[in-house]
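Following: one structure in structure tokens, then a few remarks.
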Amino acid sequence: MGKRLDLLKQISHGLAVHFGSNCEIVIHDLTKREIEHSIVYVENGSISGRQVGDGPSRIVLETLKRDPSRIHDRLSYLTKTESGQILKSSTMYVRGDDDNIEYIFALNYDITSLLTVENALHSLITTESELELETGSGISDGGIAQPQKITHNVNELLDSLIEQALALVGKPIAAMNKDDKVKVVQFLNSAGAFLITKSGDKVASLLGISKFTLYNYMDATNK
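Residue numbering for the sequence shown follows my numbering, starting at 4 and increasing by one per position.
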């Protein structure tokens with residue numbers, strides 16, 4: 004197990020040197036199940052501000068929640084830092100001899116400046132007819148999909164997940180009915196939010212329900 008982590012660190016350093024300071028690499032250790040401090044290695048952490056000892060991303064929670072046999076590498080998607088930098092990210096799952104996932108190897112490349120150049124070139128070479136087509140198709144932000152926000156610790160991650168769950172329902176909490184609240188709990192449960200210590204207390208208080216009711220909503224989503 005230690006040799007596997009040493010190899011991942013060696014590869015991380017080599018990739019970071021090869022691709023330069025815009026390339027961030029983060030390794031999460033799932034072998035100890037200490038999700039509050041899952042990050043054990045970082046290269047160029049100044050990109051996202053994360054460091055060794057920081058907590059998991061949403062993907063880490065989802066990994067702990069799901070059947071390992073149904074988890075596959077997720078390559079070339081967008082994420083966003085707190086300062087607004089856009090990253091092209093890939094997440095690879097490193098398995099042990101028993102096929103369980105032991106480490107998550109995350110590679111993030113800061114493409115913010117490249118997007119600026121791309122947008123400038125796009126504006127320069129696009130014709131009026133092409134602009135009309137783009138407007139009609141509903142493309143925005145140069146056709147860039149909305150990236151996931153990178154968080155540093157479990158409290159930030161939980162707040163982010165709650166924000167997404169509430170946005171999914173699209174109502175103020177005061178106007179939510181039972182079905183709406185079940186939908187919120189279902190989203191949080193599937194995202195692994197309740198793996199975070201005391202998350203149940205926070206969600207129950209936020210939704211104005213008891214812990215018993217929260218557990219019933221969770222059971223309902225698992226059936």
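All C-beta atoms, glycine included, are put in the ideal place defined by N, C-alpha and C.
- Beta carbon of I227 nearer than 8 Å to that of T66: Since the first and last residues shown for the chain are 4 and 226, residue 227 lies out of range.
- Query: At a cut of 8 Å, does the segment 68-78 reach the segment 164-182 through at least three beta carbon pairs?
  - Reply: no
- Message: In the DSSP output, which residue or residues are listed as bridge partners for F22?
- Response: In the sequence shown, the residue the question calls residue 22 occupies position 19. None, per the DSSP bridge assignment.
- Task: Kindly indicate the opening and closing residues of the beta strand (DSSP E) around N111.
- Result: By 1-based counting over the sequence shown, the position of residue 111 is 108. 104-113 is the span of the beta strand (DSSP E), which, as asked, contains N111.
- Message: Give me, in chain order, the residues of the same chain whose beta-carbon lies closer than 7 Å to that of H16; leave out the 5 immediate sequence neighbours on both sides.
- Response: If you number the sequence shown from 1, residue 16 lands on position 13. Around H16: E46.
- Through-space distance from S116 to I147, alpha-carbon basis: Translated into the one-based positions of the sequence shown, residue 147 becomes position 144. Translated into the one-based positions of the sequence shown, residue 116 becomes position 113. At I147 the pLDDT is 45, less than 50, meaning the model places this residue with poor confidence; the figure from the coordinates comes in the next sentence. Approximately 14 Å between the Cα atoms of the pair.
- Message: Rounded to whole angstroms, what is the Cα-Cα separation between V187 and K91?
- Response: Mapped onto the sequence shown, residue 187 falls at position 184. Mapped onto the sequence shown, residue 91 falls at position 88. Computed Cα separation, rounded: 29 Å.
- Go through its chain and collect everything with a Cβ distance to L217's Cβ below 8 Å, but skip five positions before and after it. Here the question's residue 217 lines up with position 214 in the sequence shown. Excluding positions up to five away in sequence, the list reads V188, G203, V206, A207, L210.
- Message: Could you compute how far the alpha carbon of R53 sits from the alpha carbon of V120?
- Response: Position 50 of the sequence shown, counted from the first residue, corresponds to residue 53. Position 117 of the sequence shown, counted from the first residue, corresponds to residue 120. Each residue's Cα considered, the two are about 27 Å apart.
- Near L11, what residues of its chain come up, given a Cβ to Cβ distance below 8 Å and the 5 sequence neighbours on each side ignored? Taking the sequence shown and counting its residues from 1, the one referred to as residue 11 is at position 8. For L11, where only same-chain residues beyond five positions count, the Cβ hits under 8 Å are I30, Y44, V97, Y106, F108.
- Message: Do S24 and D32 count as a contact pair if the criterion is CB distance below 8 Å?
- Response: Your numbering for residue 32 matches position 29 in the sequence shown. Your numbering for residue 24 matches position 21 in the sequence shown. Going by C-beta atoms, D32 is not nearer than 8 Å to S24.
- Query: Excluding the five sequence neighbours on either side, which residues of its own chain have a C-beta within less than 6 Å of the C-beta of L110, listed in chain order?
  - Reply: Along the sequence shown, one-based indexing puts residue 110 at 107. Here the set comprises I28, S93.
- Query: Would A1 pass as a contact of R61 if the rule is Cβ separation under 8 Å?
  - Reply: No statement about residue 1 is possible, as the shown extent of the chain runs from 4 to 226 and does not include it.
- Inter-residue spacing [alpha-carbon to alpha-carbon] between N219 and T129: For the purposes of this step, residue 219 is identified with residue 216 of the sequence shown, where counting begins at 1. For the purposes of this step, residue 129 is identified with residue 126 of the sequence shown, where counting begins at 1. Going by the C-alpha atoms only, they are around 55 Å apart.
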